[in-house]
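For the sequence shown, the numbering used here gives the first residue as 5, with consecutive numbering after it.
By construction, the Cβ of each residue, glycine as well, lies at the ideal position given by its N, Cα and C atoms.
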Amino acid sequence: MKSYWLDSSCEGGLFKPKFEPYILEARILAHRALQRLQSPTDTDFARVFNVIFKTPKTSTTEFPLPDLFLKLNGMGKLDPNQRPKKSIPALVMETLEDFASGWERTKNREQADVRLYNNCAARLVREKHLTNAAGAVIWKDPINWIKTAGDLEQARKDTNAITMHTHDGNTGDKGTENPRRATIDILPTAWKSERTGLPNSMRALKGTIAKDAIPLYPIQIDFDKYVGGMMTLTVAHEFMHVHAYGFTDGLSTYEPDLVTAGWSYIMRQTKDMAYEHAEAIALLIMAAGLADVRPHGAKEGGFTLDRSWDTIPGQKDPVVTNLKWDGRHPKNTAARGMFKYYSDLTE
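What follows is the structure in structure tokens.
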């Protein structure tokens, strides 16, 4: 059983909600996603999987495990032909099951696999006159003995969170630090849903729609607008970076200037890239939550991708065009992340 530890900054306070409910919701939704994938009759969620990962859930074609996972687990220097492989459905389902049932909270920071903070990464200290090979500034965590490199000041302005797992060579004053440790720092941008009045969790979205506070006709939800800013999504995404999973934020090889989150971003990935992304797993987890959301007055059904569209973007391998997504399939509502309500959606 792996463990996570919460800093006091995650315990709530003035204008700050408690953080653990978001972790618990993300794990519950991971369990629902697994249930739906395992169901032989849930064709709607099978479509969601197909659109995100560009491959059917029945596929047995194997791909190398994510590069970050191999690096974090001492296999980064393996010859490409020796790298372990799994089918995409098997990898995703194993990840969902482990995230849903393989974690518990601990009060022992040193032994925790993941340590979470919600104070703008205030403990990080800049290493004067030191940069990495790419010229980026190095920042050290003197509490967890971890380091990172980059423009932290800019990240504090426009990034939801930072996950760090590069050790600085120290094992702590007593040599008792967990060697597989990682930290997750939630930054102010991650609370943008709170500030804009949009739901910050799937539970909040359920309540908002059930009260008819979001009147839609036809009844549909824009994923990036209503779900893309949720803290639950951020939590699921960041947990996917740690040692146990090793999914990446790696930029698209043909559109390197893009951000690494959101439905539209994953739609630009081909199947040999999508499965390595933390955001792909997080989107699937949140889609399972939408399948259990019902609009005002509805007693059955839920939200899923438009059934009238089954064109899977990016299923060609390798990519044969550099065109922006909206220019390729502007009318494909599924690929644009529009989730519609269906009263007969499988439970």
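When rounded, the separation of the alpha-carbon atoms in P192 and Q224 is 29 angstroms. By the Cβ criterion, the segment 7-17 is not in contact with the segment 226-233, since fewer than three pairs of Cβ atoms, one from each stretch, lie closer than 8 angstroms. The residue among E351, L38, L82, D117 with its C-alpha nearest the C-alpha of H247 is D117.
In this structure, the straight-line span from the alpha carbon of R185 to that of E101 is close to 21 angstroms. Taking every protein chain shown into account, the CB of P93 has 16 or more other CB atoms within 10 angstroms, so this residue is buried.
If you draw a 10 Å sphere on the C-beta of H169, you find 16 or more other C-beta atoms in it, and that means buried. Burial of T163 is indicated by the presence of at least 16 other C-beta atoms within 10 angstroms of its C-beta.
Annotated as proximal: A34 and I289, with beta-carbon spacing under 8 angstroms. Taking a contact as a CB-CB distance under 8 angstroms, the pair W149 and K6 does not count as one, their CB atoms being some 19 angstroms apart. H245 and T152 have their C-alpha atoms spaced approximately 14 angstroms apart.
P146 counts as exposed, since fewer than 16 other C-beta atoms from the protein chains shown sit within 10 angstroms of its C-beta. L38 and Q273 have their C-alpha atoms roughly 22 angstroms apart. A straight-line Cα-Cα distance of about 35 angstroms links N54 and P21. With a beta-carbon spacing of about 6 angstroms, R130 and V141 fall inside the 8 angstroms limit used to define contacts.
Closest in C-alpha terms to L209, from the list G78, A338, R298, comes R298. Boundaries cannot be given for G250, as no beta strand (DSSP E) includes it and DSSP labels it neither H nor E.
Annotation note: the segment 51-76 contains the following uninterrupted beta strand (DSSP E) runs of length 3 or greater, listed N- to C-terminal: 66-68. Excluding residues up to 5 positions away in sequence, E114, Q115, A116, D117 lie with their Cβ nearer than 7 angstroms to the Cβ of N182 in the same chain. Within the DSSP secondary-structure output, R185 pairs in no beta bridge.
For K90, the uninterrupted beta strand (DSSP E) run begins and ends at 89-91, by DSSP. With 16 or more other CB atoms across the displayed protein chains lying within 10 angstroms of its CB, S205 is buried. Between the C-alpha atoms of L202 and D71 there is a straight-line separation of about 35 angstroms. In the structure shown, the three-state DSSP call for K81 is coil. Annotation: the continuous beta strand (DSSP E) that includes A165 extends over 165-168. Counted as a single uninterrupted DSSP element, the alpha helix (DSSP H) harbouring A34 occupies residues 24-42.
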